[in-house]
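Here the sequence shown is numbered in this note's numbering, starting from 1270 and rising by one per residue. Backbone N, C-alpha and C fix where the C-beta goes; we use that ideal spot for every residue, glycine too.
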Amino acid sequence: MLDELAKLEEIARRLEPDPEQRAALNRDVEAYASQFLDALPGLKTYVADDPSTAPQPPAIADEPVGLAGALDYLACAVDKTGINPASGGHIGYIPGGGVYTAALGDYLADVFNRYSGVLFAGPGAVRLEKSLLRWMGSLIGFPEGAAGDLTSGGSMANLAGIVAAREAHEVRAVDVPRTVVYLSGQAHHSVEKALRVAGLGECVLRVLDLDERYRIRPDALAAAIETDREGALIPWLVVASAGTTDVGAVDPLDALADICRQHRLWLHIDAAYGGFFVLCDAAKALLGGMSRADSVVMDPHKGLFLPYGSGAVLVRDQAAMHKAFNYQAHYMQDAVQDVATMSPADLSPELSRPFRGLRLWLPLMIHGLAPFRAALDEKLLLAKYFHREIQKVPGFEVGPEPQLSVATYRYIPKSGDADRFNKQLIDEVQKDGRVFISSTRINGQFVLRAAILNFRTHRDTVDLTIEILADAAMRLAKT
Ligand SMILES: *Cc1c(COP(=O)(O)O)cnc(C)c1O
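As structure tokens, this is what we get:
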């Protein structure tokens, strides 16, 4: 037995590289990352995938492939194809970021691997995360005692907010078909998914009329609630957006909050994209109504330029969140009064989870808030700038002035089908690959979008985008 143990130990110890091996691994990984970042300005933003030639990952076997082999595979098969979200040229979907210092936070969190799910197990880690949630709460004007959770993203955060709403309103399964949820046709699809996952898929969904800038019309909401009440339905939840993904529209949050208060409905605000613009003076007034929500979703992996994997939900009434997610029914339910003593696991569907706070906290410590704020202000201005400049190119027409950092536009050809032309236009831009733009359908029309949120996007990228669009449109118009 001792021999056997010794043999096993010797092999198992390979999981703990010695200092020299560690230094070598770190050096090679760091060199790889540096090479990627140094080459980034010249890399394409979009490279079409070809599944028929895509290399297969090395087999997983008892014998190692080794770091060099693994990095080779990443280089040839992973970090080159598809959209490159690290590129400043990504102005297609709401871009993610990837500030380098967040990776260092992840690195440290993974090395010391503190348990951030339970206060007793990782008090320092949990407190650090709570301080971040309190900070976010203060940004949006939430009271001190609000609860929150750092999630993997906006979809999970929407789910958590909706489940908290369900618990607060005690929506019972038998009543679901009579309950009414109000939202905009612009609401992110993760909201409907969350309703379904939360067992609310059978509820009545009222898709409200929008104004000319794609915002919910408060009168439409008020009228729908009246009608539903008269029809013996149970209105209970309004989902508003602070920055729709499609066009960046901010619903009239204050007016919606008034109506929700009057009718005692839960106001959930999906600010996954737009929430952190509250740091900008230019957007403060627009987003002020977030302070009156019952729950708010914000995505640091969008508005704070973190790598993917960082969302947040904030819930004004910590009891609702606790009721939704606590896992020890016997555990001093009545004694729990203070959000400071609750564990993340009592406020989240997750138990064991990564120590997500560090990837957000470390960049804030290293850079301070100023460059984040400046980058967000810059994005607001760049969207306005794009909107102004693309109109000057003959043939292009634009949607409404951007409320945040998304601009919509399209080319109107002298003859032929505009939808088809714009589809071809986007194909041309993608083939070029230097920038990545996207499209959507608005009122049945094929419309192009510029969604500007990458911290690496600056004026030169926007000028380049306009140049590429102008050239491609001219070429297409001649054919
Ligand atoms: C991106 C987005 C989501 C979904 O967030 P993920 O982090 O991608 O899960 C939800 N709502 C809005 C408004 C978004 O922009």
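So what does DSSP say about A1719, is it helix, strand or coil?
To locate residue 1719, count along the sequence shown from 1; it is residue 450. A1719: strand per DSSP, three-state reduction.
Should G1366 be counted as a contact of ligand 1 given a C-beta to heavy atom distance under 8 angstroms?
The sequence position of residue 1366 within the sequence shown is 97, counting from 1. The answer is no for G1366.
I'd like to confirm the pairing. Which residues does DSSP put opposite W1535 in its beta bridges?
Numbered from its first residue, the sequence shown carries residue 1535 at position 266. In DSSP, W1535 forms a bridge with L1506.
Out of S1459, G1668, G1572, point me to the one whose CA is closest to G1367's CA.
What you label residue 1367 is simply residue 98 of the sequence shown in a count that begins at 1. Among S1459, G1668, G1572, the Cα nearest to that of G1367 is on G1572.
Identify, in the order they occur along the chain, each residue of the same chain with its Cβ nearer than 7 angstroms to the Cβ of A1355, setting aside the five sequence neighbours on each side.
Sequence index remark: in the sequence shown, residue 1355 carries index 86 (1-based). Cβ neighbours of A1355 beyond the five flanking positions: L1309, G1367.
What are the partner residues of I1659, as DSSP defines its beta bridges?
Taking the first residue of the sequence shown as 1, we reach residue 1659 at position 390. Its beta-bridge partners do not exist; DSSP assigns none.
Name the residue from G1311, M1425, G1414, A1526 whose alpha carbon lies nearest to the alpha carbon of G1578.
Taking the sequence shown and counting its residues from 1, the one referred to as residue 1578 is at position 309. Residue M1425 is the option with its Cα nearest to G1578.
List the endpoints of the continuous beta strand (DSSP E) containing M1270.
Numbered from 1 along the sequence shown, position 1 holds the residue referred to as residue 1270. Careful: M1270 lies outside any beta strand (DSSP E) and carries neither H nor E.
With three or more beta-carbon pairs closer than 8 angstroms as the criterion, would you say the region 1704-1722 touches the region 1671-1689?
In the pairwise beta carbon analysis, the region 1704-1722 is classified as touching the region 1671-1689: at least three pairs are separated by under 8 angstroms.
Do you know how far the Cα of S1421 is from the Cα of V1566?
Stepping through the sequence shown from its first residue, residue 1566 is reached at position 297. Stepping through the sequence shown from its first residue, residue 1421 is reached at position 152. Going from the Cα of V1566 to the Cα of S1421 covers about 12 angstroms.
So, at 6 angstroms on beta carbons, what are the nonlocal neighbours of L1616 in its own chain, with the 5 sequence-adjacent residues on each side left out?
Counting from one through the sequence shown, the residue named residue 1616 turns up at place 347. Only A1416, D1418, M1590, F1594 meet the Cβ criterion.
Where A1604 sits in the DSSP three-state scheme
Here residue 1604 refers to the residue found at position 335 when the sequence shown is read from its first residue. With a pLDDT of 49 at A1604, under the threshold of 50, the modelled position of that residue is not reliable, and no figure is offered here.
How about D1563 and A1434: do their beta carbons lie closer than 9 angstroms?
Within the sequence shown, residue 1563 is the residue found at index 294, counting from 1. Within the sequence shown, residue 1434 is the residue found at index 165, counting from 1. Cβ atoms of D1563 and A1434: closer than 9 angstroms.
DSSP state of I1485 mapped onto helix, strand, coil:
In the sequence shown, residue 1485 corresponds to position 216, counting from 1. Strand, per DSSP.
Burial state of A1328, where buried means 16 or more other Cβ atoms lie within 10 Å:
Position 59 of the sequence shown, counting from 1, holds the residue named residue 1328. Classification of A1328: exposed, given that the 10 Å Cβ count is below 16.
Here's the rule: buried if 16 or more other CB atoms are within 10 angstroms of the residue's CB, otherwise exposed. What is I1695?
As a working mapping, residue 1695 is identified with position 426 in the sequence shown. Burial call: buried.
By the 10 Å Cβ neighbour count, where 16 or more other Cβ atoms means buried, how is F1381 classified, buried or exposed?
In the sequence shown, the residue the question calls residue 1381 occupies position 112. F1381 is exposed by the Cβ-count criterion.
Buried or exposed: K1747, going by 16 or more other Cβ atoms within 10 Å of its Cβ?
Here residue 1747 refers to the residue found at position 478 when the sequence shown is read from its first residue. Classification of K1747: exposed, given that the 10 Å Cβ count is below 16.
For L1306, name the three-state secondary structure that DSSP assigns.
Against the sequence shown, residue 1306 aligns to sequence position 37. Assignment of L1306 by DSSP, reduced to helix, strand and coil, places it in the helix class.
Taking only three categories from DSSP, how would you classify E1619?
To locate residue 1619, count along the sequence shown from 1; it is residue 350. DSSP places E1619 in coil when its eight states are reduced to three.
For V1316: DSSP bridge partner residues
Your numbering for residue 1316 matches position 47 in the sequence shown. Looking at the DSSP assignment, V1316 forms a beta bridge with G1351.
Exposure of S1637, with buried meaning 16 or more beta-carbon neighbours within 10 Å
Along the sequence shown, read from residue 1 onward, the residue named residue 1637 stands at position 368. Correcting the residue identity first, residue 1637 is Gly in this sequence and not Ser. G1637 should be labelled exposed.
How far does the alpha helix (DSSP H) with T1734 in it reach, from first residue to last?
Position 465 of the sequence shown holds residue 1734. That run of the alpha helix (DSSP H) goes 1728-1747.
Between E1413, A1687, N1723, which lies nearest to P1569 when the distance is taken from Cα to Cα?
Taking the sequence shown and counting its residues from 1, one reaches residue 1569 at position 300. Nearest of E1413, A1687, N1723 to P1569, Cα basis: N1723.
So what's E1495 in DSSP terms, helix, strand or just coil?
What you label residue 1495 is simply residue 226 of the sequence shown in a count that begins at 1. Three-state DSSP puts E1495 in a helix.
H1359 CB to nearest heavy atom of ligand 1 below 8 angstroms
Counting from one through the sequence shown, the residue named residue 1359 turns up at place 90. For ligand 1, not one heavy atom lies less than 8 angstroms from the Cβ of H1359.
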